[in-house]
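Here the structure comes first, spelled out in structure tokens, and everything after it is commentary.
There are 2 protein chains.
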Amino acid sequence: MSASAGLAGPPVLLEPADLHASLRDPALRSMNFLNEVANRFPKALSFAPGRPAESTFDLADLHRYLDAYARHLVERKGYDTVRVNRELFQYGRTKGIVHELIARQLELDEGIVVDPDAVLVTVGAQEALWLVLRALRATEHDVLLAVAPTYVGLTGAARLLDLPVRPVREGEDGVDLADLRAQLRAARAAGQRPRALYLVPDFSNPSGRSMPLETRRRLLELAAREGILLLEDNPYSMFRSADADQLPTLKALDTGHHVVYLGSLAKTCFPGARVGFAIADQPVAGGGVLADELSKAKSMLTVNTSPVSQALVGGLLLEHGGSLLRANERQIAIYRENLHCLLRGLADRFDGVPGVRWNTPDGGFFVVVTVPFAVTDELLEQAAVQHGVLFTPMCHFTEDPAATRQLRLSCSSLTPAEIEQGLDRLAALIADRS
Amino acid sequence: MSASAGLAGPPVLLEPADLHASLRDPALRSMNFLNEVANRFPKALSFAPGRPAESTFDLADLHRYLDAYARHLVERKGYDTVRVNRELFQYGRTKGIVHELIARQLELDEGIVVDPDAVLVTVGAQEALWLVLRALRATEHDVLLAVAPTYVGLTGAARLLDLPVRPVREGEDGVDLADLRAQLRAARAAGQRPRALYLVPDFSNPSGRSMPLETRRRLLELAAREGILLLEDNPYSMFRSADADQLPTLKALDTGHHVVYLGSLAKTCFPGARVGFAIADQPVAGGGVLADELSKAKSMLTVNTSPVSQALVGGLLLEHGGSLLRANERQIAIYRENLHCLLRGLADRFDGVPGVRWNTPDGGFFVVVTVPFAVTDELLEQAAVQHGVLFTPMCHFTEDPAATRQLRLSCSSLTPAEIEQGLDRLAALIADRS
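Top to bottom, those sequences are chains A and B.
The first sequence begins at 1 in the numbering used here and counts up one residue at a time.
The second sequence begins at 1001 in the numbering used here and counts up one residue at a time.
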């Protein structure tokens, strides 16, 4: 091979400016920075990641789920061994193979009635999100609105498509409808075409906030009137406090196909399956629904979602009568206790402390704490080094100046004892700085 | 919910023109059309899909691979149970967890020496392809070159990015270097910036053609001189005839980081794992290699590749001493026999038949047959209805007029007896038409 060294010419050195701008974007650097900090301080107590609790993970479950799904193919679908093996090993249906089980789960647990053919199974909700944005970005005039503060994954997916995102104020009710109307007007005045509003109506990431029922109805009405879609991302609604009412999702209230529902199974099954889905039942002129259009793009992006991964999710559903609510009884108890512990711990330590405030979500993984000093990436490093505690600066989720003194605490992947200890460390940091 | 019916306003009807143009593109419609024909005629003998043979699929293997990989984590990496479960269930490293095993396999089987940190594990080679194109499409002037006829997945991935693709003639040697130079000149004269050339140097899809060693060296030299990357897609090189020499991949000859290697494991492991990879060892000014840049985009597209799927691939590798060549002994024998049977069957039936010609690849899945009449989608339908045989019209892979009388035969997923019977049916079709 040394003979080719002379032939091959000067070695390549790529300039960042010659690669797509998204790769230099703060949204994509955020994710890397946060991961990198966590990796550098593995012993710090971390309120940073929105990861599921690990105490329920058990390798034996994977074997059992796989067999349960294979048995289902034989007993319910009448498949022989050759066909079972083909289903799991071979290329398969682009829209997925567990669409019927997902449609049934949505009806059982969420009261969402949907044609399984409008379900597109994806490589996590992240792929579903990207596919929807790809379809809606038809011209350079198309823009997206997003309730801010915003999930970093939405911002990042939009950057990959050069799709502008206009923030809409969250307010007390999960979306400030007056600001939404103002942003729609401003976008149109600027020659833009707003296509959709992205939001997490239940226990939002990062704010923990939820949308009251009346706001949900008014938002649907506004979307219909304004001709925009609502992209409803719902990873957390199952994890609500014991005394909190279950509110209908936007999709359950949607009688006019205004809502594309983005389903994550990372928290209700497990992240390593990398299975999520979109409900995209919007009719398309000429035939089919939006899910069919998204599946064309998916066939050129990831071809199809691993049928083995889908079988694991399917097996878990089958073991619990098709219900994720039943499958998640332990997890729901864990997250309830953790959130209760976090909120009580904050009250124990910071009630009456000047400049320290926090919201009190009745579910989900996240609480936002306001402190009397700037919360920067530098502060995060100092918190890790000097106090052994990690969190997420809210400036990663919004450009709102109010967020510069806020941090997000996630309680999903800690034990109650770790939460107590982590809050002691946070209290020491706040005492140092105040 | 009926109360919201009035509020929700008129139901949505999406116009295709309001969705991204790729969704109406012939490349994306091709894939759908071909799948749809196959589904409508499940009893036809099909030379159409490049799918792997199914006789080696066995559900028990999945259980064994998973356990082998978990054992490897315990015995070789010293993980405890908690950490093994975390590795398989939790969110994980964006660049993947089987990168070291993949790097070792490449060295063992292909003589490619690569730093595992330059390996990005992806959801099939298709995602790797899309990510590379995303990174290289930095401005509207950036274009891609592709040896034509071209794999539909390349064309489709480029369409999702509005990235123009300029065809380069394949010729006898896998790429016509004079035409490549001419296309580079023409692109630049048109104000375009050519970034890379996509090709399948070994047993190309769809043509079955391979590139001689001397052409490989000259192509690398040309790439270095012209400042373009080579995107080498290599799903088939393992499946060569017993008397064919193993040629070094472009990547094995690449001393200057001019080659991004796209690895598919769909044929050498199984498609349902949805695991592929890119080797992207190109240094980037400011630090890191191209794989690190691609991983930023991946974190916003699919987050990470399912660790369970990666464990299945890892377990298969571990069971065979890290070598895919050893893991594929049965598959190699099957494809050799199938290709031999197809080529002998073509000779038996069509030697001396006016206007009927075919190439004679010494490996891979595909043979191209030229016939004395137009091969259209309508003809494919008639072949299915009247003769019970399916193939792929070459017009789906190129706009070259010469291809309008060509069809692609794939022999990978049929038995020798089915190949014989299918060729009889093809002979009947050709007799009807000639």
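Ideal Cβ placement from N, Cα and C applies to all residues, glycine included.
Here the structure is a predicted model, which means the values were calculated and not measured.
In whole angstroms, give me the CA-to-CA distance for residue i and residue j.
i         : j         : result
B/Asn1328 : A/Ser412  : 43 angstroms
A/Asp233  : A/Leu294  : 17 angstroms
B/Asp1162 : B/Asp1018 : 16 angstroms
A/Leu262  : B/Arg1185 : 46 angstroms
B/Ala1242 : B/Leu1409 : 21 angstroms
B/Met1001 : B/Lys1298 : Note that B/Met1001 has pLDDT 35, beneath the 50 cutoff, so the model's placement of it is unreliable and the number below is only indicative. The alpha-carbon atoms of B/Met1001 and B/Lys1298 are separated by roughly 39 angstroms.
B/Leu1073 : B/Leu1101 : 12 angstroms
B/Thr1215 : A/Ala48   : 53 angstroms
A/Leu426  : A/Glu378  : 15 angstroms
B/Glu1075 : B/Ser1030 : 48 angstroms
A/Phe277  : A/Ser264  : 7 angstroms
A/Leu13   : B/Pro1283 : 5 angstroms
B/Gln1192 : A/Leu160  : 21 angstroms
B/Cys1341 : B/Leu1229 : 37 angstroms
A/Ala5    : B/Arg1336 : Summary for A/Ala5: the model assigns pLDDT 43, below 50, so the residue's position carries little reliability, and this model does not support an answer.
A/Ala347  : A/Asp424  : 12 angstroms
B/Ile1097 : B/Gly1124 : 15 angstroms
A/Gln310  : B/Thr1094 : 20 angstroms
B/Leu1062 : B/Glu1170 : 39 angstroms
A/Ala3    : B/Ala1224 : Below a pLDDT of 50, predicted positions are generally treated as unreliable, and A/Ala3, at 38, falls in that range; the measurement from the model is reported next regardless. Cα to Cα, A/Ala3 sits roughly 15 angstroms from B/Ala1224.
A/His141  : B/Ala1158 : 21 angstroms
B/Asp1080 : A/Phe41   : 20 angstroms
B/Tyr1236 : B/Arg1326 : 15 angstroms
B/Leu1106 : B/Gly1227 : 26 angstroms
A/Tyr448  : A/Asp115  : Residue 448 of chain A lies beyond the residue range present for chain A, which begins at 1 and ends at 434; the question has no answer from this structure.
B/Pro1016 : A/Leu144  : 18 angstroms
A/Arg64   : A/Val313  : 11 angstroms
How about residue i and residue j: are their beta carbons less than 8 angstroms apart?
i         : j         : result
B/Asp1117 : B/Ala1291 : yes
A/Pro167  : A/Ala135  : no
A/Val368  : A/Ser210  : no
A/Phe203  : A/Pro416  : no
A/Asn85   : B/Phe1057 : yes
A/Glu127  : B/Thr1302 : yes
B/Thr1305 : B/Thr1139 : no
B/Arg1405 : B/Thr1376 : no
B/Phe1391 : B/Leu1407 : yes
B/Thr1249 : B/Glu1110 : yes
B/Pro1452 : B/Asp1245 : The requested residue 1452 of chain B does not occur in the structure, where chain B is confined to residues 1001 to 1434.
A/Ala196  : A/Leu231  : yes
A/Val389  : A/Leu45   : yes
B/Leu1220 : B/His1258 : yes
B/Ala1252 : B/Ile1112 : yes
A/Leu28   : B/Lys1077 : no
By DSSP's criteria, residue i is part of a beta bridge. Which residues make up the other side?
i         : result
B/Thr1370 : B/Arg1357 and B/Gln1406
B/Pro1167 : B/Ala1146
A/Glu232  : A/Leu199 and A/Tyr261
A/Val389  : A/Leu45
A/Leu14   : B/Val1284
A/Arg40   : In the DSSP output, where bridge partners are listed per residue, A/Arg40 has none listed.
B/Ala1278 : B/Leu1120 and B/Leu1262
A/Gly363  : A/Arg240
B/Val1132 : In DSSP, B/Val1132 forms no bridge with anything.
A/Pro194  : A/Val143
Identify the contact partners of residue i in chain D, using a Cβ-Cβ distance below 7 angstroms as the criterion.
i         : result
B/Asp1018 : Checking the listed chains, one finds no chain D in this structure; the protein chains it contains are A and B.
Legend entry - Members of the stretch 1023-1038 of chain B near chain A, C-beta cut-off 7 angstroms: If the cut-off is 7 angstroms between Cβ atoms, the stretch 1023-1038 of chain B has Leu1023, Leu1028, Met1031 and Asn1032 near chain A.
Inset, instruction - Could you say if the stretch 1270-1285 of chain B and the stretch 75-90 of chain A meet the contact criterion of at least three C-beta pairs nearer than 8 angstroms? - result: yes
Legend entry - Where the stretch 287-309 of chain A meets chain B: residues whose CB sits under 8 angstroms from a CB there: Leu290, Glu293, Lys296, Ala297, Ser299, Met300, Leu301, Thr302, Val303, Asn304, Thr305, Ser306, Pro307, Val308 and Ser309
Inset, instruction - Evaluate contact between the stretch 1067-1076 of chain B and the stretch 1315-1325 of chain B, counting only Cβ atoms and requiring at least three cross-stretch pairs below 8 angstroms. - result: yes
Inset, instruction - Note down, in chain order, all residues in the stretch 257-272 of chain A with a beta-carbon under 7 angstroms from any beta-carbon belonging to chain B. - result: His257, His258, Phe270, Pro271 and Gly272
Inset, instruction - For the stretch 1048-1074 of chain B, enumerate the residues whose C-beta is nearer than 7 angstroms to any C-beta of chain A, in chain order. - result: Arg1051, Glu1054, Phe1057, Asp1058, Leu1059, Leu1062, His1063, Leu1066 and Ala1070
Legend entry - Cβ contact (3+ pairs, closer than 8 angstroms) linking the stretch 1323-1341 of chain B and the stretch 1048-1057 of chain B: yes
Inset, instruction - Check whether the stretch 185-202 of chain A touches the stretch 347-357 of chain A, taking contact to mean three or more Cβ pairs, one atom from each stretch, closer than 8 angstroms. - result: With a cut-off of 8 angstroms, the stretch 347-357 of chain A and the stretch 185-202 of chain A do not count as touching, because too few Cβ pairs lie within range.
Inset, instruction - Scan the stretch 79-91 of chain A for residues whose Cβ lies nearer than 9 angstroms to a Cβ of chain B and list them as they occur along the chain. - result: Thr81, Val82, Val84, Asn85, Arg86, Glu87, Leu88, Phe89, Gln90 and Tyr91
Legend entry - Contact residues within the stretch 1123-1153 of chain B, judged by C-beta distance below 8 angstroms to chain A: Listed by position, the residues of the stretch 1123-1153 of chain B near chain A (Cβ gap below 8 angstroms) are Val1123, Gly1124, Gln1126, Glu1127, Trp1130, Arg1134, Ala1135, Leu1136, Arg1137, Ala1138 and Gly1153.
Inset, instruction - Give the residues from the stretch 151-170 of chain A that approach chain B closer than 8 angstroms (Cβ to any Cβ), ordered along the chain. - result: Gly153, Gly156, Ala157, Arg159 and Leu160
Legend entry - chain B contacts from the stretch 274-285 of chain A (Cβ-Cβ distance under 7 angstroms): Taking 7 angstroms as the Cβ-Cβ cut-off, the stretch 274-285 of chain A approaches chain B at Arg274, Gln282, Pro283, Val284 and Ala285, given in chain order.
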